[in-house]
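The structure appears below as structure tokens.
What follows is the structure, encoded as structure tokens:
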């Protein structure tokens, strides 16, 4: 399987389907690029080159000893783009914590090569509840998550995926096999990377990055997302970014890639069909520093 070697020597596994305009899909915590498989197939069948990669510490990428911060994550994205040759008229699609890579890339790398962005159930712009972010998630919730992972890593994720997929009292939105896959995928991740990445998406403030979204942006978020609340994230992006358009999935949980696969694919294709060719050419000084 192909790997990109990042600037700090970490090997990042990536995969692709199809030919045409590149669409890079960034997975959420604590899964892998494989979570995008059904969407990749639909994109490839519609004439796009779908590329997905495993974040460092997850899936089949190196379990690096460091680098679990969004500056490094965005550098990894830049290195994957370079390795795959996806450097012009690129659409970036980020799910959950994957939205953070996009936000930081648009700032740190000047959005170089990107013509459209999509944030799906994304943690952008700020997850943590503070005085100036009252709709965020309390620090105590993240502390409980950390304590649960440290106490019994495997048991913690059994319960976590119930909210992630929106299990109900009478009916579940996905099969038990889907949840089993998610649990097994998580067990292949580095526990250290999982803990460090949780800290990164919980506390990173992407609000300063929002001004750098200068291309058409689609925001998709479920109104019943108990993992990443829509008021602090999807709706906040739609209010702050002039180029952003929000589609709310009424009653849907966090994992819309699985609970609303066809709808998500159709919304992505409709947005992509509006065209790229608005590619940002990064500021020459910033580009040379980040290359």
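In this note's numbering, the protein residues as written are 40 to 330.
Yeah, the Cβ is synthetic: ideal placement off N, Cα and C, and Gly gets one too.
Residue from 112, 130, 45 and 303 whose Cα sits closest to the Cα of residue 64:
Of the candidates 112, 130, 45 and 303, 130 places its Cα closest to the Cα of residue 64.
Using the three-state DSSP reduction, which class does residue 50 fall into: helix, strand or coil?
strand
For the pair the segment 292-306 and the segment 203-219, tell me if three or more CB-CB distances fall below 8 Å.
yes
Check whether the Cβ atoms of residue 239 and residue 112 sit closer than 9 Å, and answer yes or no.
yes
If I measure Cβ to Cβ from residue 50 and keep anything under 6 Å in the same chain, skipping five residues before and after, which residues do I get?
42, 44 and 101
Tell me the rounded alpha-carbon separation between residue 256 and residue 116.
18 Å
With contact counted as at least three CB pairs below 8 Å, one residue from each stretch, are the segment 187-194 and the segment 153-166 in contact?
Look at the beta carbons and you see the segment 187-194 not touching the segment 153-166: under three pairs across the two are nearer than 8 Å.
Close beta carbons around residue 229, own chain, < 7 Å, minus the five adjacent residues each side
96 and 102
Quick check on DSSP: helix, strand or coil for residue 299?
coil
Closest to residue 52 by C-alpha separation, out of 309, 122 and 147, would be which residue?
122
I need the straight-line Cα distance from residue 89 to residue 78, nearest angstrom please.
9 Å
Give me the residue from 66, 56 and 54 with the minimum Cα distance to residue 224.
66
Helix, strand or coil: which one does DSSP assign to residue 263?
coil
Note the first and the last residue of the continuous beta strand (DSSP E) segment covering residue 284.
283-288
Which residues bound the alpha helix (DSSP H) around residue 236?
230-242
At 4 residues or longer, and completely inside the segment 98-177: list those alpha helix (DSSP H) runs for me, N to C.
109-123 and 137-147
For the alpha helix (DSSP H) containing residue 225, list its first residue and its last residue.
215-226
Under a Cβ-count criterion, where at least 16 other Cβ atoms within 10 Å of its own Cβ denotes burial, should residue 148 be classed as buried or exposed?
When all chains shown are included, residue 148 counts as buried.
Determine the closest residue to residue 159 out of 135, 270, 91 and 284, with distance taken between C-alpha atoms.
135
From residue 285 to residue 157, what distance separates their C-alpha atoms?
10 Å
DSSP bridge partner residues for residue 256 (one or two, in chain order):
156 and 283
Can you tell which of 202, 154 and 203 has its C-alpha closest to the C-alpha of residue 251?
154
Which residues bound the alpha helix (DSSP H) around residue 193?
192-204
Could you please give the first and the last residue of the uninterrupted alpha helix (DSSP H) stretch that includes residue 78?
Where residue 78 is concerned, the enclosing alpha helix (DSSP H) stretches over 76-84.
Roughly how many whole angstroms lie between the Cα atoms of residue 61 and residue 269?
28 Å
Identified DSSP bridge partners for residue 55
90
CB of residue 264 within 9 Å of CB of residue 293, strictly
Contact flag set, yes.
Could you give the DSSP three-state label for residue 180: helix, strand or coil?
If DSSP states are grouped into helix, strand and coil, residue 180 belongs with the helices.
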